[in-house]
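See below for the structure under consideration.
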Amino acid sequence: MAVFDYRASNRSGELTEGVESAVDLQSAARALRARGLTPIELKPSAGGTAMPQPVGGKGEGKTAPRAGLTLPGFGSRAEHSSAEQVLRFTSELGILLQAGLPLDRAMKVQIDSAEPGVHRAMMEDILTTLKSGRSLTVGLEQHGSVFSSFYISMVRSGEASGNLAGVL
7 MAVFDYRASN
17 RSGELTEGVE
27 SAVDLQSAAR
37 ALRARGLTPI
47 ELKPSAGGTA
57 MPQPVGGKGE
67 GKTAPRAGLT
77 LPGFGSRAEH
87 SSAEQVLRFT
97 SELGILLQAG
107 LPLDRAMKVQ
117 IDSAEPGVHR
127 AMMEDILTTL
137 KSGRSLTVGL
147 EQHGSVFSSF
157 YISMVRSGEA
167 SGNLAGVL
């Protein structure tokens with residue numbers, strides 16, 4: 007059996023991390039979902055096929071308030087337009103939405119996992135925009151130096167079609 011490191015969100019949106027033993031990646035993802043966890047990151051463990059004890063015991067993982075969903079320097083002058091950072095933000099948001107989390111809760115999960123700094127402040131600002139009843143597009147437009155007009159248009163299309171998770 008292979009060993010996979012995971013980061014996942016439980017039904018209440020808390021982040022957990024641990025290891026899962028399974029035949030393959032898909033089987034590991036199914037096992038996590040069967041335990042009520044939504045995989046956010048699942049990758050082969052650096053330890054290979056060894057059978058280490060699950061982190062936190064009993065395979066449930068441990069609470070990870072800063073589970074590594076951070077985007078270092080996101081929004082900083084030096085890296086504000088990094089396609090890799092926007093891609094990661096988009097990918098994680100899409101995964102959380104596909105898992106059934108409402109948009110505001112998905113943003114909160116990302117905020118809770120981010121290190122304090124410009125990136126976290128930007129996401130908090132976007133969440134404030136959402137909670138005031140405005141769209142994600144409006145929140146992103148307020149950070150036009152980070153998100154390109156193409157990206158914002160893509161999100162606008164997803165919102166209009168009701169398929170934001172699919173667009174992300």
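Quick note, the sequence shown lines up with residues 7 to 174 if you use my numbering.
Built from N, CA and C at the ideal position, the CB exists for glycine as well.
Counting along the chain, G24 sits inside no alpha helix (DSSP H); it lies in the beta strand (DSSP E) bounded by residues L21 to A28. A37 is positioned such that its CB atom lies no closer than 8 angstroms to that of L48. T22 and A8 have their C-alpha atoms roughly 20 angstroms apart. With contacts defined by Cβ atoms closer than 8 angstroms, T135 and V144 form a contacting pair. Per DSSP, S15 is one residue of the beta strand (DSSP E) stretching across A8 to S15. Annotation for E130: the continuous alpha helix (DSSP H) segment containing it runs V124 to K137. In terms of Cβ geometry, L99 and A112 form a close pair [threshold 8 angstroms]. By DSSP's assignment, L48 forms a beta bridge with Y12. G42 and E147 have their C-alpha atoms some 35 angstroms from each other. Counting only residues of its own chain and dropping the five nearest sequence neighbours on each side, S97 has a CB closer than 8 angstroms to the CB of L174. With 16 or more other Cβ atoms from the protein chains shown falling within 10 Å of its own Cβ, P45 counts as buried.
If you draw a straight line from the Cα of A171 to the Cα of V25, it comes to about 27 angstroms. Under a 10 Å Cβ-count criterion, G164 is classified as buried, with 16 or more other Cβ atoms of the shown protein chains found around its own Cβ. A direct Cα-Cα distance of roughly 17 angstroms separates A40 from L107. Judged by DSSP secondary structure, F156 falls within the alpha helix (DSSP H) whose first and last residues are S155 to S167. In the structure shown, E147 falls within a helical segment according to DSSP collapsed to helix, strand and coil.
Bounds of the alpha helix (DSSP H) holding S33 are L31 to A40. In this structure Q116 is buried. Its beta-carbon is surrounded by 16 or more other beta-carbon atoms within 10 angstroms.
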